[in-house]
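Novice: Attaching a single structure in structure tokens format; questions to follow.
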Amino acid sequence: MSKPSLLFVSSEVYPFAKSGGLADVAHALPRALNAEYTLEVCMPLYSFVEREKYAIQKRMEHFDISMGGVHYPVEIYGCNYEGIEYRFIDSALLCEREYMYGTPEEGYADNALRFGLFAYAVVALLKEEKQDIVHLNDWQSALVALLIKEDTSIKTKSLFTIHNLAYQGIFAHSYLHALDLDTKHFAMDAIEFYHQISFIKAGIAYADAVTTVSKRYAQEILTPEFGCGLEGFLKHHKNKLSGIINGIDTEHFAPAFSDLKGKAQKKKEYLKEVSLRGVKKPLFVFIGRFTWQKGMDLFLEALESMAAYECNIAILGQGESVYTTKLQELAHVHKNIHLSCTYDESLSLEMYGAADFLLMPSLFEPCGLNQMIAMHYGALPLVHHVGGLKDTVQSYKDFDDTKTKAYGIAFKSPNLTAFLGAFEEALELFANKREYNKILKHNMLCDFSWDKSAKVYSKLYKIITQGEKL
Ligand code: ADP
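Right, dumping it as structure tokens:
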């Protein structure tokens, strides 16, 4: 029997383009599924993607996509990279930009057209290649679910994954016409959202199954606190919604050491490199986007008090300038804070390797990869117990070496007292080397790979292609 075919669609895929966890997932999940499926991964060919490095070549002659009476020329490129087939959508409107979605401050004004065009191009590819399943990710590809339901010649089943409900792709009503969408879709049970159009609603309403990236987040988004205004709509589609936890690519995220002695050496090297003093002091790191979701306000509120303790704090990230400026001020005043305002994959790996603790005070977290990478690299995560952080990090107070769960320090409410309380617990635990090392070693042996979750996705693909009830 031939293998089922799968088109995995994402607006970012590591190593071609990455702004966050979605790119890691789009890199690693297809690898875990590749043996079972005839699989292609599809993304935009942003102008900054290195075509020569990855031997990206034209695969389909140029064609036009018409939206709202305007013709947009599109080309399809492809490559095989490390055993995975990639398809890239190239069109000036979509791809000729400095960033993928917009500057750190705001999204591009024409994102509706850009990612509308992306969706139409994916549909053209599906018509040509006739995959059994299309796996769509986040609002940028959500419209595909609607477009293929409109076209009776397409038999492909769709699965839509929400990686972060806070980003919905909401645009002015006028784009309905500019995207050639029938006015019947401008309804509350379709893509209308407070008199605007919502791309993410297209994925939720029309996909055959909807997933999000942890079981906890799948429950949280049904509440007003985390539902971002879509809790009622999601509740309506609850029967086809489930949570599947992300994994990490353990081949890519492979520590350059195998024991705690090796880790201690990495810490020493890193501290020297960034001129932080005191190898014996605990090293806390923060790696991530400087944005409210990641708990930046709380982090900034706490940072001064944290720096007053005997410890080092290293921060790597990029994002909103209000946060960057405040971090720069604090790093200037406190000698034990080191700040790297850049996006640097290899530096991030050095930091995971060197760290004793990872700080992750996120206000909400659909899954979060940082905490898993950290635990794999022998750094204890200190997390706000929410979403995927709650599913992947158990409190060290419940430590049980016989369990396959991984452990860290958790605080329940995102406020200063709770965060600083957890920080003090971390200092105390660090001082108890025997206990601390025991947890660390246990975590490093835990399975963070994609193996289990890839099987769950596979099962879901099978259910939707066989038309079984979810
Ligand atoms: P997000 O909400 O940003 O997707 P995740 O925790 O799911 O958060 O994934 C973040 C990914 O991006 C991790 O692989 C993390 O190491 C990486 N990352 C974030 N910021 C940076 C940075 N400035 N430099 C290098 N890697 C980064």
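Each residue of the sequence shown is one higher than the last, beginning at 572 in my numbering. All C-beta atoms in this analysis are idealised placements derived from N, C-alpha and C, irrespective of residue type, glycine included.
1) Can you name the start and end residues of the alpha helix (DSSP H) that Leu577 belongs to?
2) Bridge partners of Ala885, per DSSP?
3) If we count Cβ pairs, one from each stretch, closer than 8 Å, do we get three or more for the region 925–940 versus the region 805–813?
4) Given this structure, state the Cα-to-Cα distance separating Val784 from Ile733, to the nearest angstrom.
5) Could you work out which residue in Gln628, Asp635, Phe634, Ser618 is closest to Gly649 when comparing CA atoms only?
6) So, at 7 Å on beta carbons, what are the nonlocal neighbours of Ala626 in its own chain, with the 5 sequence-adjacent residues on each side left out?
7) Rounded to a whole number of angstroms, what is the C-alpha to C-alpha distance between Phe764 and Thr674?
8) Which class does Lys838 belong to by DSSP, given the choice of helix, strand or coil?
9) Along the chain, where does the alpha helix (DSSP H) containing Asn1008 start, and where does it finish?
10) In its own chain, which residues sit with a C-beta less than 8 Å from the C-beta of Phe757, not counting the 5 before and 5 after it?
11) Would you grab the beta carbon distance between Leu831 and Gly949 for me? Rounded to a whole angstrom, and I think it's under 8 Å.
12) Does the Cβ of His905 lie closer than 8 Å to at least one heavy atom of the ligand ADP?
13) Does at least one heavy atom of the ligand ADP sit under 8 Å from the Cβ of Arg685?
14) Restricting to Cα atoms, I'd like to know which of Glu1006, His909, His955, Leu600 is closest to Leu1044.
15) Do you know how far the Cα of Pro575 is from the Cα of Gln739?
16) Rounded to whole angstroms, what is the Cα-Cα separation between Lys838 and Ser712?
17) Could you tell me whether the region 610–623 touches the region 583–590, where touching means 3 or more Cβ pairs closer than 8 Å?
18) Among Thr963, Thr988, Ala989, whose alpha-carbon lies nearest the alpha-carbon of Tyr978?
19) Short check: CB of Glu844 to CB of Gly958, under 9 Å?
20) Can you name the start and end residues of the alpha helix (DSSP H) that Phe757 belongs to?
21) To the nearest angstrom, how far is it from the Cα of Tyr608 to the Cα of Ala599?
22) Any heavy atom of the ligand ADP within a distance shorter than 8 Å of the CB on Arg787?
23) Would a C-beta distance cut-off of 9 Å place Asn883 and Gly592 closer than the cut-off?
24) Taking the Cβ atom as the reference point for each residue, do Leu718 and Tyr691 lie within a distance shorter than 9 Å?
25) Only counting the same chain, and skipping five residues up and downstream in sequence, which positions put a Cβ closer than 6 Å to that of Thr821?
26) Quick one: is the Cβ of Ser729 within less than 8 Å of any heavy atom of the ligand ADP?
27) Any chance the region 913–923 sits against the region 694–706, with 3 or more Cβ pairs inside 8 Å?
28) Looking at Ile660 and Val693, is the spacing between their C-beta atoms short of 9 Å?
29) Could you pull out every residue in the same chain whose Cβ sits closer than 6 Å to the Cβ of Glu881, ignoring the five residues on either side in sequence?
30) I'd like the list of long-range same chain contacts for Leu1031, defined as Cβ closer than 6 Å, with 5 residues on each side in sequence excluded.
31) Evaluate Gln702 with the Cβ neighbour count: other Cβ atoms within 10 Å of its Cβ, from every protein chain shown; 16 or more gives buried, anything less gives exposed.
32) Which ranges would you report for the alpha helix (DSSP H) in the region 610–669 if only whole runs of at least 4 residues count?
Specialist: In this structure, then:
1) For the purposes of this step, residue 577 is taken as the residue at position 6 of the sequence shown. Note, Leu577: premise wrong, no alpha helix (DSSP H); beta strand (DSSP E) at 576–580.
2) Within the sequence shown, residue 885 is the residue found at index 314, counting from 1. Paired residue(s): Val856, His909.
3) When C-beta atoms of the region 925–940 are compared with those of the region 805–813, fewer than three pairs fall below 8 Å, so the two segments do not count as touching.
4) Reading the sequence shown from its first residue, position 213 is the one you call residue 784. Reading the sequence shown from its first residue, position 162 is the one you call residue 733. Distance between the alpha carbons of Val784 and Ile733 is about 7 Å.
5) The residue given as residue 649 occupies position 78 in the sequence shown. Checked all of Gln628, Asp635, Phe634, Ser618; the closest Cα to Gly649 is Gln628.
6) Along the sequence shown, read from residue 1 onward, the residue named residue 626 stands at position 55. Closer than 7 Å at the Cβ level, and outside the excluded window around Ala626, lie Cys650.
7) Taking the sequence shown and counting its residues from 1, the one referred to as residue 764 is at position 193. Taking the sequence shown and counting its residues from 1, the one referred to as residue 674 is at position 103. Going by the C-alpha atoms only, they are around 25 Å apart.
8) Residue numbering aside, residue 838 sits at position 267 when the sequence shown is read from its first letter. It is helical.
9) Within the sequence shown, the letter at position 437 stands for residue 1008. Residues 1004–1015.
10) As a working note, residue 757 is residue 186 in the sequence shown. Counting only Cβ-Cβ distances below 8 Å, and skipping sequence neighbours, we find His744, Leu747, Glu763, Ile768.
11) Residue numbering aside, residue 831 sits at position 260 when the sequence shown is read from its first letter. Residue numbering aside, residue 949 sits at position 378 when the sequence shown is read from its first letter. About 7 Å separates the Cβ atoms of Leu831 and Gly949, confirming a contact at the 8 Å cut-off.
12) Translated into the one-based positions of the sequence shown, residue 905 becomes position 334. Incorrect: His905 has no Cβ contact closer than 8 Å to the ligand ADP.
13) Walking along the sequence shown from the start, residue 685 turns up at place 114. Proximity of the beta carbon of Arg685 to the ligand ADP is not indicated: no heavy atom of the ligand is located closer than 8 Å.
14) Since the first and last residues shown for the chain are 572 and 1041, residue 1044 lies out of range.
15) Here residue 739 is taken as the residue at index 168 of the sequence shown, counted from 1. Here residue 575 is taken as the residue at index 4 of the sequence shown, counted from 1. One C-alpha to the other measures close to 30 Å.
16) Start at 1 with the first residue of the sequence shown, and residue 838 comes out as number 267. Start at 1 with the first residue of the sequence shown, and residue 712 comes out as number 141. Roughly 41 Å separates the two Cα atoms.
17) Judged by Cβ distances under 8 Å, the region 610–623 makes contact with the region 583–590, as three or more pairs qualify.
18) Counting from 1 along the sequence shown, the entry for residue 978 is found at position 407. Of the candidates Thr963, Thr988, Ala989, the one whose C-alpha sits nearest the C-alpha of Tyr978 is Thr963.
19) Working through the sequence shown from its first residue, we reach residue 844 at position 273. Working through the sequence shown from its first residue, we reach residue 958 at position 387. Result no, Cβ atoms of Glu844 and Gly958 do not sit closer than 9 Å.
20) Sequence index remark: in the sequence shown, residue 757 carries index 186 (1-based). DSSP places Phe757 in no alpha helix (DSSP H); its state is neither H nor E.
21) Within the sequence shown, residue 608 is the residue found at index 37, counting from 1. Within the sequence shown, residue 599 is the residue found at index 28, counting from 1. The alpha-carbon of Tyr608 is positioned some 14 Å away from that of Ala599.
22) As a position in the sequence shown, residue 787 is number 216, starting the count at 1. No, the beta carbon of Arg787 sits no closer than 8 Å to any heavy atom of the ligand ADP.
23) As a position in the sequence shown, residue 883 is number 312, starting the count at 1. As a position in the sequence shown, residue 592 is number 21, starting the count at 1. No, these two residues do not count as a Cβ contact at 9 Å.
24) The residue you call residue 718 lines up with position 147 of the sequence shown. The residue you call residue 691 lines up with position 120 of the sequence shown. In this structure, Tyr691 lies closer than 9 Å to Leu718 by Cβ.
25) Along the sequence shown, one-based indexing puts residue 821 at 250. Excluding positions up to five away in sequence, the list reads Ser1020.
26) Residue 729 sits at position 158 when you count from the first residue of the sequence shown. Result no, Cβ not under 8 Å from the ligand ADP.
27) Contact check between the region 913–923 and the region 694–706: fewer than three CB pairs, one atom from each, fall below 8 Å, which does not count as touching.
28) The sequence position of residue 693 within the sequence shown is 122, counting from 1. The sequence position of residue 660 within the sequence shown is 89, counting from 1. Between Val693 and Ile660, the CB-CB gap stays under 9 Å.
29) Indexing the sequence shown from 1 puts residue 881 at position 310. The answer, listed in chain order, is Lys852.
30) The residue given as residue 1031 occupies position 460 in the sequence shown. For Leu1031, where only same-chain residues beyond five positions count, the Cβ hits under 6 Å are Ala780.
31) Indexing the sequence shown from 1 puts residue 702 at position 131. Taking all protein chains in view, the Cβ of Gln702 is crowded by 16 or more other Cβ atoms within 10 Å, so the residue is classified as buried.
32) If one requires a minimum length of 4 residues, the alpha helix (DSSP H) runs lying completely within the region 610–669 are 663–666, in chain order.
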